[in-house]
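Contents: one structure, followed by commentary.
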Amino acid sequence: MAASMAAASGGSVTRRLLRGAARGLSGGGGGGGGGAAAEEPEGAVVNVVFVDRTGRHVPVRGRVGDNVLHLAQRHGLELEGACEASLACSTCHVYVSTPHLDRLPAPDEREEDLLDQAPQLQENSRLGCQIVLGPELEGAHFTLPRVTRNFYVDGHVPKPH
Amino acid sequence: MAGAGGRAPLGRCWGRGKGRGGGDSRGITSPLSFTPPGFKRWLSSSAPAPRVCVVGSGPAGFYTAQHILKHHNGAQVDIYEKLPVPFGLVRFGVAPDHPEVKNVINAFTQTARLERCAYYGNITVGRDVTVAELRQAYHAVVLSYGAEDNRVLGIPGENLSGVYSARAFVGWYNGLPENRDLKPDLSCETALIVGHGNVALDIARILLSPLSLLRKTDITDCSLAALACSKVKRVWLVGRRGPLQVAFTIKELREMINLPGARPVLNPADFTGLENAIKDAPRPRKRLTELMIKTALEKPGEKTVEVQAAATQAVAPREWGLKFQRSPQEVLPTADGRRGSGDSAKAVPTGDVEELECGLVLSSIGYRSLPLDPSVPFNTQRGIIPNSSGRVEGVPGLYCSGWVKRGPTGVIITTMNDSFDTAQSVLEDLQVGVLDVSASREGFGAVGSILRSRGVHPVSFSDWEKIDAAEVARGKAAGKPREKIVDPQEMLQLIGH
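Line by line, the protein sequences are chains A and B.
Position 38 (the first sequence) corresponds to 68 in this note's numbering; numbering is contiguous.
Position 455 (the second sequence) corresponds to 459 in this note's numbering; numbering is contiguous.
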């Protein structure tokens, strides 16, 4: 997995950066909730789906401008935001569905640095606190990473004592 | 969605300004939604409330408590803490200039204020009350007491004055009571830190940060005064392995590179050929190494504006650097034989011995847990409590989470996941009856009388809130978020103990 991750990361990170730059030039980018949202009426509905840590799909009616971390928390999803959206931790790590991932403004360097610390990092990893809903995210799935348990290497399941 | 006994369910409403419990009707998770299918929802009316004791009030303790409380609508969780004040390394380990990392205290505070959660500070488990006594009073006991000691270099001269453990130094500037009298000597120009982890970088950054930045943090006044008189202008971070094995992470390295008034000194020779070596490395290692390579190859003319300004004012910029593949052999005393003044190091594999002139040596090679109580198994070699998924081996009803379970590494997300893992084990054992809750346990009711008989007065969470308010008030005048009280006696007097 590391090899494929590494093979993919070089090229695709560059791709995402270029896309982000293009969005930035056209005045897009929802990092602060401005940008794309300014072209839509504030509060228009954006339907998204959260996939919780057991794989359960939780459809949520969000609104343009909603912060994905806070939206998840308001709807009872177990998404932590230890640093309270200040780009100082990676506890709000989520996976974003394609093609929605590429519609997000590229992560800035600080987010990329924090993502490096997230367990089970994938190509479609983002920090939930850095995603702001816009109409382009209609139908997006945000998946919470599974927390892996410690299993014995040989498949043995320890009997509870 | 009424919970047991009419109490509000634990909805996901930790956000500020939201009421406790509830949430809205769309997509709310049931309390046990996290458990595997087939497990029954716990019913309160027939069985006594399970009582859980968590030992340690740092991130591991609080995250374990939070998860149990969220997923069990009857459990009562009591969190014990050795110091009067809670939060462990969030308060005493996270650097003063990283206040955002400490925001997690707000989540922990919400947990502590829950009706089914209680905090008891100023209790040293293993001395004031034994683990055996806790196991009698509670259905389950979770050990989350972290790593209070450090690994030692084991070299001659390690005990000379001028040589400190990173743990003690961090404790000193963060107001940990046991390190308040450290009085590190900062009258030398060069400091040497043994270790290539984030703690080493934190210390380098605190030593070289402009005072104007530190002044507005919650660093203790006493440390600020010492740093104001500090002569340290050069910090070497020395590690026994190479650039590809550094343990620090990119965020912290970048912060160091961008530190105003300080310039990085990396030897390009240390990085030759590494571009190729990291081609297929996992992303975090690749990005980190690329940043080091870039920094090492930067020409002098590309100095930051601040460094150039310092140069024009004829103030030598402070500097810091990384040295690789050197193990400290000995700390050499000064002529009078008392203080550490040099640190001969061995470069592997050439066998060369090099002497590095310095006046301050900090060993930052890892924290270490200590055994708490003879009744708790402990793996001395690894410094952890033997366990699987947080269940302590051979001791039913005893669990562990955090550094004492896994070893003393990782950031907040690592400890969070680990604590949820242990909490899950406790919840499973409650569900399937491995933990027998048919008989009620007294919880703090029993422990309280034991403590009284031993003259120990626990500190409550609202007591802590008084201490907290006093610290914030004292800091206000100086423009600091708080002025930490470092004397436990002063804390106890403040709350009328």
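The beta-carbon is built from N, C-alpha and C at its ideal position, and this holds for glycine as well.
CB of residue i within 7 angstroms of CB of residue j, strictly
i        : j        : result
B/Pro52  : B/Ser444 : yes
B/Glu487 : B/Gly479 : yes
B/Phe91  : B/Leu180 : no
B/Gly243 : B/Phe328 : yes
B/Ala232 : B/Leu205 : no
B/Thr426 : B/Tyr403 : yes
B/Ser165 : B/Gly65  : no
B/Cys57  : B/Thr194 : no
B/Asp132 : B/Arg458 : yes
B/Gly125 : B/Val438 : no
B/Pro100 : B/Ile223 : yes
B/Val167 : B/Val365 : yes
A/Val94  : A/Val76  : yes
B/Arg209 : B/Met260 : yes
B/Gly150 : B/Leu376 : no
B/Leu270 : B/Leu326 : yes
B/Tyr84  : B/Val59  : yes
B/Asn421 : A/Val124 : no
B/Ile416 : A/Ala112 : yes
B/Ile389 : B/Val396 : yes
B/Thr293 : B/Pro268 : no
Beta bridge counterpart(s) of residue i as assigned by DSSP
i        : result
B/Thr194 : B/Arg238
B/Ser373 : Note: B/Ser373 sits in no beta bridge, so no partner.
B/Gly325 : B/Trp240 and B/Val269
B/Arg386 : DSSP, once it has assigned bridges, lists no residue as partnering B/Arg386.
B/Cys121 : B/Val81
B/Thr413 : Partner(s): none; B/Thr413 has no beta bridge.
B/Tyr403 : B/Val146 and B/Arg395
B/Leu218 : In the DSSP output, where bridge partners are listed per residue, B/Leu218 has none listed.
B/Leu366 : B/Tyr168 and B/Ile197
B/Trp173 : Per the sequence presented here, residue 173 of chain B reads as Phe, with Trp not at that position. DSSP, once it has assigned bridges, lists no residue as partnering B/Phe173.
A/Gly92  : A/Val76
B/Cys226 : Beta-bridge pairing links B/Cys226 to no other residue.
B/Val250 : DSSP lists no partner for B/Val250.
B/Asn154 : B/Tyr371
Beta-carbon neighbours of residue i, restricted to chain B and to distances below 8 angstroms
i        : result
A/Ser127 : In chain order: nothing, as chain B lies at least about 17 angstroms away.
A/Gln160 : Under the 8 angstroms cutoff, chain B gives no residues; its nearest Cβ is about 14 angstroms from A/Gln160.
A/Ala118 : His102, Glu104, Val105 and Asn107
Burial state of residue i (16 or more Cβ within 10 Å)
i        : result
B/Asn202 : buried
A/Cys159 : buried
B/Gln428 : buried
B/Lys235 : exposed
B/Ser213 : buried
B/Asp491 : exposed
A/Gln147 : buried
B/Ser368 : buried
B/Pro247 : buried
B/Val98  : buried
A/Pro121 : The residue you asked about is not Pro; residue 121 of chain A is Thr in the sequence shown. Buried, because 16 or more other Cβ atoms sit within 10 Å of the Cβ of A/Thr121.
B/Phe38  : Because the pLDDT of B/Phe38 is 48, which lies under 50, any placement of that residue in the model is unreliable, and the number read from its coordinates should be weighed accordingly. B/Phe38 should be labelled buried.
B/Pro272 : exposed
B/Ala136 : exposed
B/Ala318 : Interpretation of B/Ala318 is limited by its pLDDT of 49, a score under 50 that renders its predicted location unreliable; no figure is taken from the coordinates.
B/Ser373 : buried
B/Gln497 : exposed
B/Gln435 : buried
B/Gln70  : buried
A/Arg91  : exposed
A/His186 : Low per-residue confidence applies at A/His186: pLDDT is 39, beneath 50, and the placement is therefore not dependable enough to give any value.
B/Ser379 : exposed
Under 8 angstroms from the C-beta of residue i: neighbouring residues of chain C
i        : result
A/Gln147 : Of the chains in the structure shown, none is chain C; the protein chains are A and B.
Listed by chain order, chain B residues near residue i by CB distance under 9 angstroms
i        : result
A/Glu168 : Within 9 angstroms Cβ-Cβ: nothing; A/Glu168 doesn't reach chain B, min ~17 angstroms.
A/Ala74  : Chain B residues near A/Ala74: none, gap ~17 angstroms exceeds 9 angstroms.
A/Leu151 : Pro286, Arg287 and Pro288
Residues that residue i contacts on chain A, provided the C-beta gap is smaller than 9 angstroms
i        : result
B/Arg258 : Glu139, Arg140 and Asp143
B/Asn110 : Glu114
8 angstroms Cβ cut-off: residues of chain A touching residue i
i        : result
B/Arg291 : Glu142, Asp143 and Asp146
Chain-ordered chain B contacts of residue i [CB-CB under 7 angstroms]
i        : result
A/Thr121 : Ile416, Ile417 and Met420
Within the stretch 95 to 141 of chain A, note down every full alpha helix (DSSP H) run reaching 4 residues or more, in order along the chain.
Listed in chain order, they are 98 to 104 and 130 to 133.
Beta strand (DSSP E) runs wholly inside the stretch 141 to 176 of chain A, at least 3 long, in chain order
Residue ranges of uninterrupted beta strand (DSSP E) with 3 or more members, entirely inside the stretch 141 to 176 of chain A and ordered along the chain, are 155 to 157 and 171 to 173.
If we require 4 or more residues per run, which alpha helix (DSSP H) segments fall completely within the stretch 407 to 474 of chain B?
Scanning the stretch 407 to 474 of chain B for uninterrupted alpha helix (DSSP H) segments of 4 residues or longer gives 407 to 410, 416 to 436 and 448 to 457, listed from N- to C-terminal end.
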